[in-house]
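Notes follow the structure.
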Amino acid sequence: MTPPADDTPRRPQGEGPPPTYTPWLVVRAAPGDQGSRPLPAGAVYYASPDIAVAPADTWGRVLAGDTVTVSVTAQNLGHAAAPGVRAQFWWADPSVGLTPQQATFIGTSDRTPIAAGLAETLVCTTPWTPVFVNGGHECLVVEVSSLSDPLTSTFRSDLDRHVGQRNVTVLPPQGEPQRIVLTLANPFREDARTTLWVRTFQVTGFERLPGFGLPLSPADTLLHVDDPVLAEPLAALGTEVTAREPGQDLAFGDVTIDPDARCGGYPEAVLAELRERRAPGHDFGRPVADVLLPAAGIATVELTAPLGTTGGAALVHRLTQVCDDIDVGGYTLLALPI
Amino acid sequence: MTGVPTQLTVADLVLGSLRSGGGPVPDDADLPFFRLGALGPVLGDYLPTHPAAAAGPNAPMFGVWAPILRLLAGTVGTPGMAANLRRLKDVLGRFEKAVQDKDQLALLAMKDDLQALPGVVSALQGQFGSISGLRTSLKDAILKTRPLPKAPPAGKWVPRDTVHGHRTGTFWHALRTKAAASGDPRIRAFGLGSTVGYAGALCGNPFVNGVVGSPYRTHWWRHRWVSHHVDAWVWGYYRTRERVRAAGAEIVFPAGTGGRVPLPPCGTWDDIAGAELQDRFAIGGITPDLVLNAVRDGVPLTGFLPPELVTLWLDSYRDAVGDPASAGVDGPGLDGAYAMTWLTTWVMSSAALLGATPPHRIQEPDACGDRPDWVEVDGSVVVGGTVVPPPTVTQPDPSVAEVASAIVAAILGVAEFLLGGLAAAAALLWAAVELLDDATDPGWDNLRCQSGWTESFLARLENAFHDLLSTSGLGPPYAVQLAHNEIQFQTWGTIVPPDSGLGTCRSPSAQEGDGYPAGLWSPAAGSESNWPQYPTEPLEAPMQMSYPEGPWWPLHFVDGFSFTDAGPGAVPRFPATQDNPLAAPVGTPTVLDPAAWEQRMHSAETGGRPQGAFGNAVDVAVALIGAPTMPLLDWDLDGDRGIGWPTWVFQDPAGHPGPVVRE
Numbered sequence: 000m001t002p003p004a005d006d007t008p009r010r011p012q013g014e015g016p017p018p019t020y021t022p023w024l025v026v027r028a029a030p031g032d033q034g035s036r037p038l039p040a041g042a043v044y045y046a047s048p049d050i051a052v053a054p055a056d057t058w059g060r061v062l063a064g065d066t067v068t069v070s071v072t073a074q075n076l077g078h079a080a081a082p083g084v085r086a087q088f089w090w091a092d093p094s095v096g097l098t099p100q101q102a103t104f105i106g107t108s109d110r111t112p113i114a115a116g117l118a119e120t121l122v123c124t125t126p127w128t129p130v131f132v133n134g135g136h137e138c139l140v141v142e143v144s145s146l147s148d149p150l151t152s153t154f155r156s157d158l159d160r161h162v163g164q165r166n167v168t169v170l171p172p173q174g175e176p177q178r179i180v181l182t183l184a185n186p187f188r189e190d191a192r193t194t195l196w197v198r199t200f201q202v203t204g205f206e207r208l209p210g211f212g213l214p215l216s217p218a219d220t221l222l223h224v225d226d227p228v229l230a231e232p233l234a235a236l237g238t239e240v241t242a243r244e245p246g247q248d249l250a251f252g253d254v255t256i257d258p259d260a261r262c263g264g265y266p267e268a269v270l271a272e273l274r275e276r277r278a279p280g281h282d283f284g285r286p287v288a289d290v291l292l293p294a295a296g297i298a299t300v301e302l303t304a305p306l307g308t309t310g311g312a313a314l315v316h317r318l319t320q321v322c323d324d325i326d327v328g329g330y331t332l333l334a335l336p337i
Numbered sequence: 000m001t002g003v004p005t006q007l008t009v010a011d012l013v014l015g016s017l018r019s020g021g022g023p024v025p026d027d028a029d030l031p032f033f034r035l036g037a038l039g040p041v042l043g044d045y046l047p048t049h050p051a052a053a054a055g056p057n058a059p060m061f062g063v064w065a066p067i068l069r070l071l072a073g074t075v076g077t078p079g080m081a082a083n084l085r086r087l088k089d090v091l092g093r094f095e096k097a098v099q100d101k102d103q104l105a106l107l108a109m110k111d112d113l114q115a116l117p118g119v120v121s122a123l124q125g126q127f128g129s130i131s132g133l134r135t136s137l138k139d140a141i142l143k144t145r146p147l148p149k150a151p152p153a154g155k156w157v158p159r160d161t162v163h164g165h166r167t168g169t170f171w172h173a174l175r176t177k178a179a180a181s182g183d184p185r186i187r188a189f190g191l192g193s194t195v196g197y198a199g200a201l202c203g204n205p206f207v208n209g210v211v212g213s214p215y216r217t218h219w220w221r222h223r224w225v226s227h228h229v230d231a232w233v234w235g236y237y238r239t240r241e242r243v244r245a246a247g248a249e250i251v252f253p254a255g256t257g258g259r260v261p262l263p264p265c266g267t268w269d270d271i272a273g274a275e276l277q278d279r280f281a282i283g284g285i286t287p288d289l290v291l292n293a294v295r296d297g298v299p300l301t302g303f304l305p306p307e308l309v310t311l312w313l314d315s316y317r318d319a320v321g322d323p324a325s326a327g328v329d330g331p332g333l334d335g336a337y338a339m340t341w342l343t344t345w346v347m348s349s350a351a352l353l354g355a356t357p358p359h360r361i362q363e364p365d366a367c368g369d370r371p372d373w374v375e376v377d378g379s380v381v382v383g384g385t386v387v388p389p390p391t392v393t394q395p396d397p398s399v400a401e402v403a404s405a406i407v408a409a410i411l412g413v414a415e416f417l418l419g420g421l422a423a424a425a426a427l428l429w430a431a432v433e434l435l436d437d438a439t440d441p442g443w444d445n446l447r448c449q450s451g452w453t454e455s456f457l458a459r460l461e462n463a464f465h466d467l468l469s470t471s472g473l474g475p476p477y478a479v480q481l482a483h484n485e486i487q488f489q490t491w492g493t494i495v496p497p498d499s500g501l502g503t504c505r506s507p508s509a510q511e512g513d514g515y516p517a518g519l520w521s522p523a524a525g526s527e528s529n530w531p532q533y534p535t536e537p538l539e540a541p542m543q544m545s546y547p548e549g550p551w552w553p554l555h556f557v558d559g560f561s562f563t564d565a566g567p568g569a570v571p572r573f574p575a576t577q578d579n580p581l582a583a584p585v586g587t588p589t590v591l592d593p594a595a596w597e598q599r600m601h602s603a604e605t606g607g608r609p610q611g612a613f614g615n616a617v618d619v620a621v622a623l624i625g626a627p628t629m630p631l632l633d634w635d636l637d638g639d640r641g642i643g644w645p646t647w648v649f650q651d652p653a654g655h656p657g658p659v660v661r662e
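Chains as they are written, first to last, in numbering that gives the first Met the number 0: chain A, 0 to 337; chain B, 0 to 662.
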């Protein structure tokens, strides 16, 4: 017997939790994200494929001076409709660790109901003009919430499926080396040993991504190129992903602590959840900066990236900030070939 | 089984075709009779209905609906859920208008109504509490709707099965011939419609069978559940197509999504809810209260249908069934069947009872904060000092087709919370106007917010009721609920939600192979409500084909036309293709070809696959209408065991399933 969707998994009788007639809003952290939280150590939760700006080029880059519209695609994977879903949007300077106090509010979307199982794109009603200082690289944070499925942990996409974060820079293929100042923030209320790690992947055949009909944009495909969900389509495309020397081509400067600046941090309940994500010994790549940050302290580190990779391959640099064995944030740089 | 909305859609299209062909069509005054006729064998669902004889010969489907209707009807002197819900909606609707118009006098005139509102909600809460008890009784009633063994005599069968699977041509031809000979334009219209009803079921049920994975005989409740989804699709598609076409376009299924996603999308399609379909075949002064009260009081449902129509129908039925006659199929039983068909259509399609606000259109008031005053920060509601906590949110597996009873239990829990919210809202609304006089500013902004939040909660409650009916297989979903999540499909290849149109309205015949039909539904203990899942019962030999191979949407069996967008500037912009034209390989339409019938019957008797499509319902109906003297043939209107089978019975009544013989 062949049912209509043979590959649809069917839960054996008696297994799994009983369904609830509630919404289950999800802003994906990764392509296959169904909203399970907290996310495990090392998860790439800072490159949500559901946050978009328009107009932008194929790789999601905005032109200098353009005023853009920010939007988020929220899925409601629950069995009940989510009435009155509203999104709130923020931007921030390039940051690896990011707290609400470091971000600037952009605006909100209209309230939009989302039927059970479906997805809706919520558009920020306030246009945004990215500030092109610091190379024009900014982080975006989005929160969605509904009366019957409210937000639980503000700004923490690793802890709350209602939050999406996109800390991404797609470097232009030509020009002077780009200088990016990244902010590190200690979200805890005690001093924390803070390390910046980097991991790098090389992707060949990536030029075939546009127009291939993948479920993600070309940039998002690269950002999550090692995600198991993409393994099959990328293999079919003939794209090869290999690990490279972490931070290849990147130059990192010294860490500078701003003695007067404080990031504000999070409520104790959120911090407690964050501590649950502690993963001693987890492999985040290669350490490129290390500092003891005071409670709620802020530091910056400068990195320089040459433009235009060689050999026709794209490089994906994944930067992770780890505080006392907890990855509290991340940033991704995409370097495209000339 | 194609339901009322599908049959009415086919009727509309046939009417359009007859009009454009210049043929005679019923006068507008007689259209309710034409449409009643077009319901065809659907009328059999409630045949017979005798509310006065609770233990007497009643259709099993009446047994399913009776406890629900009694809850809606209440008792003498005590309003039922229907009256309470309608009163609540009426008061809130007037309140909203008064606030919108800033009409203080209207507000003051509503004081008595608003004072009574908490009592109305309280009564609703009490009545709602008894719904939980229905879960068990409904489950039992559903199991009792199982068709009886298909063995002679047909007079012993459930009449619903008789009108679908026993000497169908004989019955429907007698009906249309006698009607045509009548000098009564109402009866003639009914006869004309009956031919459409026969064609709709004949062409539509094989499609439904394919989605179900089995014919009605073996998976009767999944059949009803799928049919309601197909009804929502057909109604939504064709009503919307009319609007879209008027604007110079068509509904297309772009190739970019593999034909999975219509444009415009399902969320913009017309809904059955709010379509007031019952008005289209309202006859004899029928009203919801008349029927509900009759069910409540246990008195006969008579006097709606003209006696001439009753006589015509019963004479034709007796001609076909012979002896023994079906118990209870008499004048009152037929009138009762009509009344029940009408009332259940009212329940699912009238905005008066369960509203018509689909889930993606539930609005919350602007500039009124994140929650209403009666909802605490933690989401709980306080009603009369009692805290009603918000429903617990847990992670679902969105691609899993849950057993219906689990979903129903979950919905009941949430509906209880929403009723709690409405109780708190009612108390607050009364408090807001209690001390109001014509010299006091009522605080319009605050009232607007309270009214908006209350309407939002009411719409959510109505949605919960809709979902209860839809999940239970008793009503259609909203059109937006036919949409699926393309992100999930493209990422995982799964259909989310599993009951969206991709899983319930698209023919899986291309993947069927030798995998049809599933054997008799054998629900395991505790999971009797597994109709949302494709059957896993062992196959019933011999293998058959449910429907012609292809990933068809229901339009394939309705009129067979699909459209593509050739792009701006192309002429025509939206070229049409008819994928399922009238089958007439030897000139005579197969549906009317006695040789084809005989050949297939012989094949059936020798254990073969006597399958073959007749074409789309509209063209088949028009062909039948165009050949009024040609006898209709005894095709199985359930499409059992496969598409295009003649009617049949098991050779060994005690040994079914097994070899079949002609009737």
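The beta carbon of each residue, even a glycine, is placed where N, CA and C say it ideally should be.
On a predicted model such as this, the values are computed, not experimentally measured, just so you know.
Candidates the options, of which the one nearest residue i by Cα
{"i": "HIS165(B)", "options": "ALA178(B), LYS149(B), ALA173(B) and ALA180(B)", "result": "LYS149(B)"}
{"i": "VAL387(B)", "options": "ASP29(B), CYS367(B), VAL376(B) and GLU415(B)", "result": "GLU415(B)"}
{"i": "TRP646(B)", "options": "ALA622(B), MET629(B), MET600(B) and GLY412(B)", "result": "Contrary to the premise, residue 646(B) reads as Thr rather than Trp in this sequence. Ranking ALA622(B), MET629(B), MET600(B) and GLY412(B) by Cα distance to THR646(B) puts MET600(B) first."}
{"i": "LEU181(A)", "options": "ASP248(A), PRO18(A) and THR331(A)", "result": "THR331(A)"}
{"i": "PHE456(B)", "options": "PRO48(A), GLY59(A), PRO82(A) and LEU24(A)", "result": "PRO82(A)"}
{"i": "GLY311(A)", "options": "ARG285(A), ALA304(A), GLU206(A) and GLY264(A)", "result": "GLU206(A)"}
{"i": "PHE94(B)", "options": "GLN114(B), ASP651(B) and ALA82(B)", "result": "GLN114(B)"}
{"i": "ALA274(B)", "options": "MET629(B), ASP230(B), LEU313(B) and PHE252(B)", "result": "ASP230(B)"}
{"i": "ILE325(A)", "options": "LEU333(A), LEU270(A) and LEU314(A)", "result": "LEU270(A)"}
Residue span of the beta strand (DSSP E) that contains residue i, given as start and end
{"i": "SER145(A)", "result": "Segment: none, SER145(A) is in no beta strand (DSSP E) and carries neither H nor E."}
{"i": "ALA250(A)", "result": "250 to 261"}
Start-to-end residues for the alpha helix (DSSP H) that takes in residue i
{"i": "TYR197(B)", "result": "184 to 211"}
{"i": "GLN598(B)", "result": "593 to 604"}
{"i": "CYS448(B)", "result": "443 to 471"}
Within chain A, partners of residue i - CB distance below 8 Å
{"i": "ALA350(B)", "result": "Within chain A, no residue comes near ALA350(B); the closest Cβ sits about 18 Å away, beyond 8 Å."}
Residue i: contacting residues in chain A (beta-carbon distance under 7 Å)
{"i": "ASN204(B)", "result": "Ordered by position in chain A, no residue passes the 7 Å Cβ test against ASN204(B), which lies about 17 Å from the chain."}
{"i": "GLN489(B)", "result": "PRO214"}
{"i": "SER521(B)", "result": "Going along chain A, no residue has its Cβ under 7 Å from SER521(B), so there is no contact; the nearest lies around 13 Å."}
{"i": "GLU667(B)", "result": "Because chain B in this structure spans residues 0 to 662, residue 667(B) falls outside the shown range and cannot be described."}
{"i": "ASN462(B)", "result": "ALA80"}
{"i": "ASP369(B)", "result": "LEU146"}
Neighbour flag for residue i against chain B, beta carbons, 8 Å
{"i": "HIS78(A)", "result": "yes"}
{"i": "THR299(A)", "result": "no"}
{"i": "VAL43(A)", "result": "no"}
{"i": "VAL26(A)", "result": "no"}
Proximity test, Cβ basis, 8 Å: residue i and chain A
{"i": "GLU548(B)", "result": "no"}
{"i": "GLU363(B)", "result": "yes"}
{"i": "ASP444(B)", "result": "no"}
{"i": "SER19(B)", "result": "no"}
{"i": "ARG360(B)", "result": "yes"}
Partner residues on chain B for residue i, Cβ-Cβ distance less than 9 Å
{"i": "TRP338(A)", "result": "Coverage of chain A is limited to positions 0 through 337, which leaves residue 338(A) absent and any answer about it impossible."}
Chain A contact residues for residue i, given Cβ-Cβ distances below 9 Å
{"i": "GLY378(B)", "result": "LEU146, SER147 and PRO149"}
Contacts that residue i makes with chain B (C-beta to C-beta distance below 8 Å)
{"i": "THR50(A)", "result": "Reading off the sequence, residue 50(A) comes out as Ile, not Thr. Result: empty, since nearest Cβ-Cβ is about 14 Å, beyond 8 Å."}
{"i": "GLY106(A)", "result": "Near GLY106(A) there are no residues of chain B at all, since even the closest Cβ is about 15 Å away, more than 8 Å."}
{"i": "PRO30(A)", "result": "THR490"}
Interface partners of residue i on chain B, CB under 7 Å
{"i": "LEU117(A)", "result": "ALA482 and ASN484"}
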